[in-house]
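Chains as they are written, first to last, in the numbering used here: chain A, 13 to 452; chain B, 301 to 810. Note that CB positions come from ideal geometry on N, CA and C, so glycine has one too.
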């Protein structure tokens, strides 16, 4: 379908929903095309290519609400789909909090061109994709005699969407993303075959890290896992590698949501304005980073995306408040979820920080585990290195870190100057003191 | 059994939508496995296709040769409805329709899909998938023949005949029961979803198979608050390949009871100490240990690629002789059960470990051919948007010779693990984890204080060799487990008798 065809279809759906009895509606239509090529040990393993489209609609009728989606966008099908969607809504109970956003919150979108779409994407040939995927793996040929297998992949995606709300919102997004990965399996001791990998993603092809660097990092990270063993349980500092730090902090996003607060499932409830972390904890939600992986002009509620402090010097500033749970709590909406997250940086690099630690564990990999958002308790599997006198002395695995986020955040004792820009959460290296590691 | 009027709102429930959306939909035969003269007419009409179209698309897919191709047609109709803050205030429907086309050339896969089931669109997708090969065209089979399939999830009622009003009443009744259980309850939520998945697989070896796959899931969540302001949250859920009759009166009463009991128990719970301890796993969803410690490592793609910790262990002893582990796709109405896999291979019971010895990998077509063995019916995919991979179904350990009480009595100091939420594994190194939401300490052979929120981490082959007792009380989980691999989620289940692992690292504190 042509570009304007989707917008026209959106307005047709909006009008049809109103005719059928919806007092209000919000909807989105998305089309995307993805291609991926995977190589294993010098041979193509899979080629995958697809184009897909879908529509979602939220129906507000008689004080009631329901949501629906379909990938059958033929008008005849959509008409029946909408008839049933509106009918179904009538059988639910009334909910006074279900409303579209007040149009005042649609105002103030970033005027900056976020440059999320790489127009060169459509020129990439099948041959170039194959070459890129192949090249990633080829750098490791003959590099280590313990290599069992090397898998490498390249993929790209273009997507475009329109979003409409019946009280005057119209949004359009177009973006691309490119990713490449290398994973390596090495023959370790006995039957063990440790794996390691590196993955990079970017909005523009030119921003991807070089293939050789990606491959070498994947191999080095796998070699690091050889001979890894657990050590005795101990409480000591946790040094978090910048590329892996986000996993630990992402788990705060749910307790920071108005949904969790309103449902009484957040250990951060009633803490706004309070000191919840050390004064090194400053995190801002920043939706307007040019070419940012989490950048956006508006969110799923149509709210204009704006920069928002989450923590400043350890003080909790804001909860993520969507329209619905904001209405329930009597709060103004700000954003339905995170965009890009950036941290206030420190002065030293990861290497400098590491060199200054007497005894700590550097965590480079996570394995499972979970957190209890209601209480803040967490318990997570880790692998990495034991650091003694600033040196990596032993590769460790099969260990857990356990504790409570209330203590962990207060024990943040250093933040590096090296944000990991290949993620929407741009975490630098971090050190948390007094973390409980369990092992043998 | 809840009394439900079945036909009140046919038009407003989810499949009512499909009824209206899809031309030629025939109500007859919804129960799945086809019989009669034209067993696939129901599916052909559902997808608006015929054998001539299939042939044309297949000819396109085999245009550059290739060893094999298949077409996977899917139409899935899903509904969900949710209660929150005492009202049933949200419902969703989700319709998905499309066809995935795969071409195999040795171990190489070409894949494409389309949501538009027109001849032109399907031919274009087929030509894309065909690009994996580079030879001369192959012939399309002269006819398509089916294998007789069993039906492990016979149903009497379609979800399109279950009215929204009935669902609303059911959710409200559960909500009322949650608040009746304990005065400390401050929030409750109830979520019910159902889906009906229609699949048709046709391949270049002349095979054809179809299946109707129903699924329900119901989950009750609860938050409780103590006088001192402490809060805890927990949940309980059921999932089954069954119709609404699965939800008996007894189950509907148990849902709120378990959700609340599991929540308030957490107020008494402590964090266990850190280190290696004996762990007794309660019968049931503790099968998560098998899923992670051995199940994934036995998926033949990882072994074919030489990257699994189990790649060189076939026919070797890996556990005590009382340990037998199976992956079974035939347990009636269990969430991971399938009549046929997504490559058209009939489901079966596959024995991974027999009397402590490693016996069979979990295969899809590619790996079965690679190893020169029969496929095991484990070729599964999330949807037509994905190609199939070797995936688990219901993975469990058979009952053994010991008694639960005997295990507890044998432990001086350790953990009894009861409720699990998630797990993960590194296939090559064999390290795996599972998260224990709640359990108890075992001290001097007795169950003592409750514990909560602790991750357990071990190494697969090492932990299996440390299963020193297996009780005679196998239970298969009736919960809603979803297994993720290569970005694809598929419904599974797992089971376990009570077992004792003599030593494993518990992620406590201090």
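With distance defined between alpha-carbon atoms, name the residue in A:402, A:384, A:449 and A:447 nearest to residue 720 (chain B). A:384
Name the chain B residues that come within less than 8 Å of residue 56 (chain A), Cβ to Cβ? 408 and 432
Suppose you measure from the CA of residue 514 (chain B) to the CA of residue 378 (chain B); what does that come to, to the nearest Å? 10 Å
Neighbour flag for residue 77 (chain A) against chain B, beta carbons, 8 Å: yes
Among residues of its own chain, excluding the 5 on either side of residue 292 (chain A), which ones have a beta-carbon nearer than 6 Å to its beta-carbon? 424 and 427
Assuming residue 22 (chain A) contacts residue 39 (chain A) (C-beta within less than 8 Å), just tell me the rounded distance between them. 6 Å
Cutoff 6 Å; reference residue 698 (chain B); Cβ partners in own chain excluding five residues on either side: 624
Report the partner residues of residue 373 (chain A) according to the DSSP bridge assignment. A:250 and A:398
Does DSSP put residue 262 (chain A) in a helix, in a strand, or in coil? helix
Exposed unless 16 or more other CB atoms sit within 10 angstroms - verdict on residue 438 (chain B): buried
So, for residue 436 (chain A): in the same chain, excluding its five sequence neighbours on each side, which residues have a beta-carbon less than 6 Å away from its beta-carbon? 305, 306 and 352
Given that residue 397 (chain B) touches chain A, what residues does it touch there, using C-beta distances under 7 Å? 83 and 84
Could you work out which residue in A:57, A:327 and A:214 is closest to residue 418 (chain A) when comparing CA atoms only? A:327
At a CB-CB cut-off below 8 Å, which residues of chain A make contact with residue 604 (chain B)? Here the premise fails: no neighbours, minimum Cβ distance about 10 Å.
Where residue 446 (chain A) falls: helix, strand or coil (DSSP): strand
Beta-carbon contacts of residue 91 (chain A) that lie in its chain and below 7 Å, excluding the five residues immediately before and after: 28
Rounded to whole angstroms, what is the Cα-Cα separation between residue 521 (chain B) and residue 367 (chain B)? 50 Å
Do you know offhand how far residue 88 (chain A)'s Cα is from residue 490 (chain B)'s? 34 Å
Do you know offhand how far residue 769 (chain B)'s Cα is from residue 798 (chain B)'s? 8 Å
Are there 16 or more other CB atoms within 10 angstroms of the CB of residue 401 (chain A), so buried, or fewer, so exposed? exposed
Can you name the start and end residues of the alpha helix (DSSP H) that residue 666 (chain B) belongs to? 665-671
At the 8 Å Cβ level, is residue 497 (chain B) part of the contact set with chain A, yes or no? no
Would you mind telling me which residues of chain A sit closer than 7 Å to residue 809 (chain B), beta carbon to beta carbon, in chain order? 414, 415 and 448
Short CB-CB distance (under 8 Å) between residue 260 (chain B) and chain A: Coverage of chain B is limited to positions 301 through 810, which leaves residue 260 (chain B) absent and any answer about it impossible.
6 Å CB neighbourhood of residue 75 (chain A) in its chain, flanking five on each side removed: 106
Among the candidates A:113, A:282, A:97 and A:131, whose CA atom is the shortest distance from the CA of residue 71 (chain A)? A:97
Assess contact between the stretch 446-457 of chain B and the stretch 641-658 of chain B, defined as three or more Cβ pairs (one per stretch) separated by less than 8 Å. Is contact present? yes
Below 7 Å between beta carbons is the criterion; list the residues of the stretch 143-155 of chain A that meet it against any residue of chain B, in chain order. none
Return the first residue and the last residue of the alpha helix (DSSP H) that residue 279 (chain A) is part of. From DSSP, residue 279 (chain A) is part of no alpha helix (DSSP H); its letter is neither H nor E.
Excluding five sequence neighbours on each side, which residues of the same chain lie with their C-beta closer than 7 Å to the C-beta of residue 360 (chain B)? 423, 426, 427 and 430
I need the straight-line Cα distance from residue 800 (chain B) to residue 571 (chain B), nearest angstrom please. 21 Å
Please say whether residue 397 (chain A) and residue 408 (chain A) have beta carbons closer to each other than 8 Å? yes
Kindly say whether residue 248 (chain A), judged by its beta-carbon, lies nearer than 8 Å to any beta-carbon of chain B. no
The beta strand (DSSP E) enclosing residue 805 (chain B), as first and last residue numbers: 799-806
Can you tell me which of the three DSSP states residue 256 (chain A) falls into? helix
Compute the Euclidean distance between the alpha carbons of residue 242 (chain A) and residue 395 (chain A), then round it to the nearest angstrom. 9 Å
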